[in-house]
Amino acid sequence: MRCVLKALIVATAVAFVSAPALARAEGYVSPWVAANTGSNWSNFDDGRAGFGVNAGGMGAGIIGGELGFGWSPSFFGTKNDFGNNSVLDLMGNVIVGVPIGGTHGAGVRPFITGGLGLIRTQIDGGSLTGTNVTSHNNMFGWDLGAGVMGYFNDHVGLRGDFKYLRGFEDTNTGVVVIDANGPGQLHFWRAAIGVVLR
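Residue numbers (the numbering used here): 853 to 1050.
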């Protein structure tokens, strides 16, 4: 429970510190759908669906913060094989973009984003395990990505992005490791698309 609380505090701090002028910030909400895949980013055909929402604000349309929530049901495999299983992530991110065409009306904004937060895995039994084992794991994690927002008018547009998400914890040992290539760390790519409302 302390791990979850720490992750929520870190995610919230990153989101708010990176957007100091919230009163003047350009706020937005973006619900999305996605495909997730393992370390082979080019093989989304074998990936699992994900759903979520990003909400944030950008000062002058250039730099800001966002809070992202994602849920990926049946992340590790089918319900028949692995039982109920999922991955949930909650990230506080810094976002930096270039508003081509300005911050009002139609325009395009390429961006990069990255931050820290919580990644939670859940597995509840299944025929492959042979027993009804329940496993829940909360870990600190990070994400890094890039994408583009395209607006049709002042308020409505589309957003697409690619993100890489990785936990700090070695899932084999439970030890936190700061290693970008640690073999036991949960990591995956996400390709997402959704609407964006500002």
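The beta carbon of each residue, even a glycine, is placed where N, CA and C say it ideally should be.
Query                                                                                                                                         : Result
If you measure between the beta carbons of G997 and F1014, is that distance less than 7 angstroms?                                            : yes
Among G949, L919, G902, A1044, whose alpha-carbon lies nearest the alpha-carbon of S938?                                                      : G902
Classify A886 as buried or exposed, calling it buried when 16 or more other Cβ atoms lie within 10 Å of its own Cβ.                           : buried
Suppose only complete runs of 3+ residues qualify. What are the beta strand (DSSP E) ranges in the segment 904 to 941, listed by chain order? : 915 to 925
Judging by CA-CA distance, which residue of N1005, E918, R972 is the nearest neighbour of F840?                                               : In this structure the chain extends from 853 to 1050, so residue 840 is not present and cannot be described.
Going straight from the alpha carbon of H988 to that of G908, what length do you get?                                                         : 29 angstroms
Tell me which residue opens and which closes the beta strand (DSSP E) that H988 is part of.                                                   : 986 to 1003
Looking at the strands, I want to know which residues DSSP matches up with L970.                                                              : L942, F992
Would you decide whether N936 is buried or exposed? Buried here means 16 or more other CB atoms lie within 10 Å of its CB.                    : exposed
Just to confirm, are P1012 and I1045 a CB contact at a threshold of 7 angstroms?                                                              : As written in the sequence, residue 1012 is Gly, which differs from the Pro given in the question. Closer than 7 angstroms, so yes.
Pull up the distance between the alpha-carbon of L968 and that of L1038, whole angstroms please.                                              : 14 angstroms
What separation, rounded to the nearest whole angstrom, lies between the Cα atoms of G959 and G949?                                           : 12 angstroms
By how many angstroms is the C-alpha of A912 removed from the C-alpha of L874?                                                                : For L874, the predicted structure reports a pLDDT of 44, less than 50, and the residue's modelled location is therefore unreliable. A value from the coordinates is still provided. Approximately 11 angstroms between the Cα atoms of the pair.
For G1019 and I971, what's the separation of their Cα atoms in angstroms?                                                                     : 7 angstroms
What whole-angstrom Cβ distance do G904 and G922 have, given they're in contact under 8 angstroms?                                            : 4 angstroms
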